[in-house]
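This report refers to the structure that appears directly beneath it.
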Amino acid sequence: MSEPLSSEADTAPAAAPAPPVEVAVTRTGGFAGLTKRWHAEPAGDEASVWIDLIAQCPWDAPADVSAAVRVDGSDGPPPVGADRFTWWIRARCGEQDEREAELPDDAVVGAWRDLVDAVRVWSRSANG
Numbered sequence: 000m001s002e003p004l005s006s007e008a009d010t011a012p013a014a015a016p017a018p019p020v021e022v023a024v025t026r027t028g029g030f031a032g033l034t035k036r037w038h039a040e041p042a043g044d045e046a047s048v049w050i051d052l053i054a055q056c057p058w059d060a061p062a063d064v065s066a067a068v069r070v071d072g073s074d075g076p077p078p079v080g081a082d083r084f085t086w087w088i089r090a091r092c093g094e095q096d097e098r099e100a101e102l103p104d105d106a107v108v109g110a111w112r113d114l115v116d117a118v119r120v121w122s123r124s125a126n127g
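Structure, rendered in structure tokens:
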């Protein structure tokens, strides 16, 4: 009697693990000029969700503050001043794919806001 043939599932190569993901967010400025930092290094099953969040951000587009949705809902140019926040966002997916952006506070909307909020939540939960 011959041995049963193995199924395709038995012989298919295992899926490659998601590349390591790291996102760092730094916010400077504000009333007291303090610097706040958040950091996320999701691994395993979480990584693919983070890779999607990173990919949705307009990394190569200049920060068009005039097109950003104003937080207060008013029209006109965004406010300027010494007490405004500036955000630095750095993301790495794998060994070769690293991106950086510097954004004024009013430009942290849409995909940027989603990424920043996710990093802040992840950082808080990782730090207890």
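Numbers 0 to 127, taken from numbering that gives the first Met the number 0, label the letters of the sequence shown in order.
Yeah, the Cβ is synthetic: ideal placement off N, Cα and C, and Gly gets one too.
This one's a predicted model, so the numbers in the text were calculated from it and none came from an experiment.
- Between aspartate 105 and arginine 83, the gap from beta carbon to beta carbon is short of 9 Å.
- Looking at the backbone, the Cα of proline 19 and that of threonine 25 are separated by about 20 Å.
- Tryptophan 37 sits close to tryptophan 121, with the two beta carbons spaced by under 9 Å.
- Under the three-state reduction of DSSP, leucine 52 is assigned to helix.
- Secondary structure note for aspartate 116: its alpha helix (DSSP H) is the uninterrupted segment 110-125.
- As DSSP reads the structure, phenylalanine 84 sits in a beta bridge with Gly28.
- Valine 48 counts as exposed, since fewer than 16 other C-beta atoms from the protein chains shown sit within 10 angstroms of its C-beta.
- In this structure isoleucine 53 touches alanine 90 by the C-beta definition: roughly 5 Å separates them, less than 8 Å.
- Taking 8 Å as the upper bound for CB-CB distance, threonine 85 and glycine 28 are in contact here, some 5 Å apart.
- Secondary structure note for alanine 39: its beta strand (DSSP E) is the uninterrupted segment 35-39.
- Less than 9 Å divides the Cβ of valine 22 from the Cβ of valine 118.
- The three-state secondary structure of alanine 100, taken from DSSP, is strand.
- Secondary structure at alanine 106: helix, using DSSP grouped into helix, strand and coil.
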